[in-house]
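**Student:**
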Amino acid sequence: MSWVTVERNSHFPIQNLPYGVFSSDSEPGKRIGVAIGSQVLDLSKISHLFNGPLLKGNQDVFKSATLNRLMGLTKPHWSEARATLTTLLSAGNPTIRDDAKLRSQAMVSQDQVKMHLPAAIGDYTDFYSSLDHATNVGIMFRGKENALMPNWKYLPVGYHGRASSVVVSGTPVRRPVGQTKPVDTEPPKFGPCKLMDFELEMAFFVGGPATDLGTPIKIDEADDHIFGMVVMNDWSARDIQKWEYVPLGPFGAKNMGTSISPWIVTMEALKPFAGSNYTQDPAPFPYLKHEDPYTFDVHLEVAIKPAGSSTSNIVSQSNFKYMYWTMKQQLTHHTITGCNMRPGDLLASGTISGPEPTSFGSMLELSWRGSKSVPLTEGGERKFLKDGDNVIMTGVCKGEGFNVGFGSVEGVVLPAVHLV
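For the sequence shown, this note's numbering assigns the number 188 to the initial residue and increments by one for each residue that follows.
1) When you compare only the Cα positions, how much space is there between Asn-590 and Arg-195?
2) Does the Cβ of Lys-492 have 16 or more other Cβ atoms within 10 Å, making it buried, or fewer, making it exposed?
3) Can you list the beta strand (DSSP E) stretches of 3 or more residues lying completely in the segment 191-217, in chain order?
4) Answer yes if the segment 326-334 comes into contact with the segment 368-379, meaning at least three C-beta pairs across the two stretches below 8 Å, and no otherwise.
5) Can you tell me which residues form a DSSP beta bridge with Gly-345?
6) Quick check on the DSSP output: the beta strand (DSSP E) that includes Ser-503 runs from which residue to which?
7) Within 10 angstroms of the Cβ of Gln-299, are there 16 or more other Cβ atoms? Answer buried if so, exposed if not.
8) Ignoring anything shorter than 4 residues or poking outside the segment 433-477, list the alpha helix (DSSP H) runs there in chain order.
9) Please list, in chain order, all residues of the same chain as Ser-463 whose beta carbon is under 8 Å from its beta carbon, the five residues on each side excluded.
10) If I follow the unbroken beta strand (DSSP E) through Leu-387, where does it start and stop?
11) For the segment 321-366, list the beta strand (DSSP E) runs that are entirely contained and at least 3 residues long, ordered along the chain.
12) Quick one: grab the DSSP three-state call for Ala-409.
13) I need the boundaries of the beta strand (DSSP E) containing Ser-540, first residue and last residue.
14) Going by beta carbon distance, what residues of the same chain come within less than 6 Å of Gln-516, once the five residues before and after it are set aside?
15) When the Cβ atoms of the segment 236-248 are set against those of the segment 201-211, are three or more pairs found closer than 8 Å?
16) With a threshold of 7 Å on Cβ separation, who are the neighbours of Met-383 within its own chain once the five nearest residues in sequence on each side are excluded?
17) Going along the chain, which residues of its own chain have a beta-carbon closer than 6 Å to the beta-carbon of Thr-453, five neighbours each way excluded?
18) Per the contact definition of three or more C-beta pairs closer than 8 Å, is the segment 301-314 in contact with the segment 341-357?
19) Which residue from Ile-404, Asp-319, Ala-293 and Val-353 puts its Cα closest to that of Tyr-511?
20) I need the boundaries of the alpha helix (DSSP H) containing Gln-299, first residue and last residue.
21) Do Ala-490 and Ile-501 count as a contact pair if the criterion is CB distance below 9 Å?
22) Consult DSSP for His-520 and reduce its assignment to one of helix, strand or coil.
23) In the DSSP assignment, the beta strand (DSSP E) including Asp-229 goes from what residue to what residue?
24) Leaving out the 5 sequence neighbours to the left and right, which residues in its chain are closer than 6 Å to Pro-305 when beta-carbon positions are compared?
25) Answer with buried or exposed for Leu-457, where buried requires no fewer than 16 other C-beta atoms within 10 angstroms of its C-beta.
26) Below 8 Å on the Cβ atoms is my contact criterion, and I expect Val-578 with Met-443 to pass it. Report the Cβ-Cβ distance as a whole number of Å.
27) Please report the straight-line C-alpha distance between Lys-288 and Leu-551, rounded to a whole angstrom.
28) Return yes when the Cβ of Cys-584 is within less than 9 Å of the Cβ of Val-485, no when it is not.
29) Quick one: what's Ser-595 bridged to in DSSP?
30) Suppose the cutoff is 8 Å on Cβ atoms and the five residues either side in sequence are ignored; what does the same chain contact list for Gly-598 look like?
31) Give me, in chain order, the residues of the same chain whose beta-carbon lies closer than 8 Å to that of Glu-568; leave out the 5 immediate sequence neighbours on both sides.
32) Could you pull out every residue in the same chain whose Cβ sits closer than 8 Å to the Cβ of Glu-565, ignoring the five residues on either side in sequence?
33) Kindly give me the distance between the Cβ atoms of Glu-455 and Ser-266, rounded to whole angstroms, as I take these residues to be in contact under 8 Å.
34) Opposite Arg-425 in the DSSP bridges: which residues?
35) Identify the continuous beta strand (DSSP E) that holds Glu-488 and give its terminal residues.
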């Protein structure tokens with residue numbers, strides 16, 4: 188229990204304590220905070236209280252405008268920070284609770300803050316690690332017999348994305364303009380994307396000291412380099428993607444915006460929700476093998492709120508536990524060729540779909556390539572997204588009497604730019 192009031196259904200009880208970067212009207216500078224109930228604890232105001240043996244000489248990291256410096260410390264540093272925060276916010280601790288001046292400076296209501304990207308993202312990689320999603324897409328485009336590409340069950344497939352267009356929740360995303368080829372026997376056309384889609388994903392921030400080029404991260408070291416997770420919407424222009432992706436994969440269809448939730452939930456907060464890893468057949472190569480559970484029971488939901496509507500329509504309910512490849516395997520494979528990693532790098536899961544149609548994580552799957560409509564309570568029906576649609580994704584782990592949640596990531600689709 189905390190001395191801060193926390194509603195029963197809050198995503199942010201004392202068991203969570205996620206990190207984010209925020210500003211306020213009274214203090215427009217960006218600073219690091221921790222969510223607790225409906226409040227934000229401003230760590231720049233209490234940096235002097237991180238006086239444990241590891242953090243006493245690193246208190247300045249809590250005065251930074253991004254989380255990169257904290258991410259760049261070690262896992263024991265992160266554990267000490269979390270233990271300090273838990274102690275300070277516990278019901279019986281008077282340090283902040285009974286110091287009226289410090290409390291008024293350090294506690295800010297969430298409805299009075301503006302959230303920002305939590306880190307300066309140097310590099311961004313997107314994987315393709317949901318078996319159900321990969322199978323669904325493969326069936327649509329290649330048929331059941333060739334649904335999965337030959338390499339899919341041997342390695343975590345991924346591609347390098349565009350870090351500059353990763354945005355925080357609440358940032359509108361504009362419908363892209365580009366080349367499409369709607370009719371195979373006709374020349375390509377140029378104009379606005381007509382098949383705008385979301386992709387329900389989760390992503391993790393890389394932490395720990397930067398690694399050297401040429402030095403892989405071993406599977407039993409991977410956890411030391413995973414700082415925490417966010418919910419992510421990897422916006423996709425399906426018609427642009429179809430025409431451009433051969434032979435090098437996604438390009439302009441993926442770089443108009445990638446939205447992430449503002450709060451980073453630490454791996455320590457998620458550990459109670461770890462479950463059995465997906466049974467992998469064939470068995471992975473030894474460098475990818477690990478026995479410890481690293482799949483997490485995160486309930487995920489996608490809703491669409493049309494422009495002018497008062498109703499959010501739930502269109503997908505999935506779960507992070509459906510991932511075939513774990514984050515440890517993704518990170519290890521990413522570095523096996525010697526790729527160096529830096530604090531603040533972002534690695535995403537790929538679309539998370541489950542076995543049931545209601546758990547599909549994209550409109551491409553929900554409408555089965557546009558062959559059927561997804562009904563909405565208000566705003567008609569959808570095969571793909573319309574201008575003005577607000578896509579809202581949430582993620583939450585459900586404990587006994589408490590939640591560990593990510594809040595939400597949302598974004599409104601803006602009309603395409605008119606080009607003469």
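Ideal placement from N, C-alpha and C gives every residue a C-beta, glycine not left out.
**Tutor:** By the coordinates alone:
1) Counting from one through the sequence shown, the residue named residue 590 turns up at place 403. Counting from one through the sequence shown, the residue named residue 195 turns up at place 8. Cα to Cα, the separation comes out at about 8 Å.
2) As a position in the sequence shown, residue 492 is number 305, starting the count at 1. Lys-492 is buried by the Cβ-count criterion.
3) 206-211
4) no
5) Within the sequence shown, the letter at position 158 stands for residue 345. In the DSSP output, where bridge partners are listed per residue, Gly-345 has Phe-314.
6) The residue labelled residue 503 in the question sits at position 316 within the sequence shown. Note, Ser-503: beta strand (DSSP E), 500-506.
7) One-based indexing of the sequence shown puts residue 299 at position 112. Exposed, because fewer than 16 other Cβ atoms sit within 10 Å of the Cβ of Gln-299.
8) 454-457
9) Here residue 463 is taken as the residue at index 276 of the sequence shown, counted from 1. Result list for Ser-463: Pro-480 and Thr-482, in chain order.
10) On the sequence shown, position 200 is the one that residue 387 refers to. Note, Leu-387: beta strand (DSSP E), 387-393.
11) 345-347 and 353-355
12) Locating residue 409 in the sequence shown gives position 222, counting from the first residue. Note: Ala-409 maps to helix in three-state DSSP.
13) Position 353 of the sequence shown, counting from 1, holds the residue named residue 540. Premise fails: Ser-540 is in no beta strand (DSSP E) and is neither H nor E.
14) In the sequence shown, residue 516 corresponds to position 329, counting from 1. Pro-343 and Leu-475, listed in sequence order.
15) no
16) Here residue 383 is taken as the residue at index 196 of the sequence shown, counted from 1. Arg-362, Ala-424, Phe-571, Leu-572 and Val-600.
17) Here residue 453 refers to the residue found at position 266 of the sequence shown. Gly-415.
18) yes
19) Here residue 511 corresponds to residue number 324 of the sequence shown, with the count starting at 1. When only C-alpha atoms are compared, the closest one is Asp-319.
20) Position 112 of the sequence shown, counted from the first residue, corresponds to residue 299. Taken as a continuous stretch (DSSP letters only), Gln-299 belongs to no alpha helix (DSSP H), as it is neither H nor E.
21) Locating residue 501 in the sequence shown gives position 314, where the first residue counts as 1. Locating residue 490 in the sequence shown gives position 303, where the first residue counts as 1. Yes, the pair counts as a contact, with Cβ atoms nearer than the cut-off.
22) The count along the sequence shown starts at 1 and reaches residue 520 at position 333. Note: His-520 maps to helix in three-state DSSP.
23) In the sequence shown, counting from the first residue as 1, residue 229 sits at position 42. Start and end: 226-229.
24) Position 118 of the sequence shown, counted from the start, is the residue given in the question as residue 305. Answer for Pro-305: Gly-207, Val-208, Leu-254 and Ile-451, listed in chain order.
25) Counting from 1 along the sequence shown, the entry for residue 457 is found at position 270. Leu-457 comes out buried.
26) Working through the sequence shown from its first residue, we reach residue 578 at position 391. Working through the sequence shown from its first residue, we reach residue 443 at position 256. That pair is no contact at about 14 Å.
27) Your numbering for residue 288 matches position 101 in the sequence shown. Your numbering for residue 551 matches position 364 in the sequence shown. Computed Cα separation, rounded: 53 Å.
28) Against the sequence shown, residue 485 aligns to sequence position 298. Against the sequence shown, residue 584 aligns to sequence position 397. Yes; because the gap between Cβ atoms is below 9 Å, this pair is in contact.
29) Here residue 595 refers to the residue found at position 408 of the sequence shown. Partner(s): Thr-581.
30) The count along the sequence shown starts at 1 and reaches residue 598 at position 411. Hits under 8 Å: Val-354, Ser-356, Gly-357, Thr-358, Pro-359, Val-360, Asn-420, Trp-422, Gly-444, Ser-446, Asn-577 and Val-578.
31) On the sequence shown, position 381 is the one that residue 568 refers to. Once the five neighbours on either side are set aside, the close Cβ partners of Glu-568 are Ser-560, Val-561 and Pro-562.
32) Along the sequence shown, one-based indexing puts residue 565 at 378. The answer, listed in chain order, is Pro-493, Ser-496, Ser-497, Thr-498 and Asn-500.
33) Position 268 of the sequence shown, counting from 1, holds the residue named residue 455. Position 79 of the sequence shown, counting from 1, holds the residue named residue 266. With 8 Å as the limit, Glu-455 and Ser-266 qualify as a contact, their Cβ atoms being about 7 Å apart.
34) Counting from one through the sequence shown, the residue named residue 425 turns up at place 238. According to DSSP, which records beta bridges pairwise, Arg-425 is partnered with nothing at all.
35) On the sequence shown, residue 488 is found 301 positions in, with the first residue counted as 1. 486-492 is the span of the beta strand (DSSP E), which, as asked, contains Glu-488.
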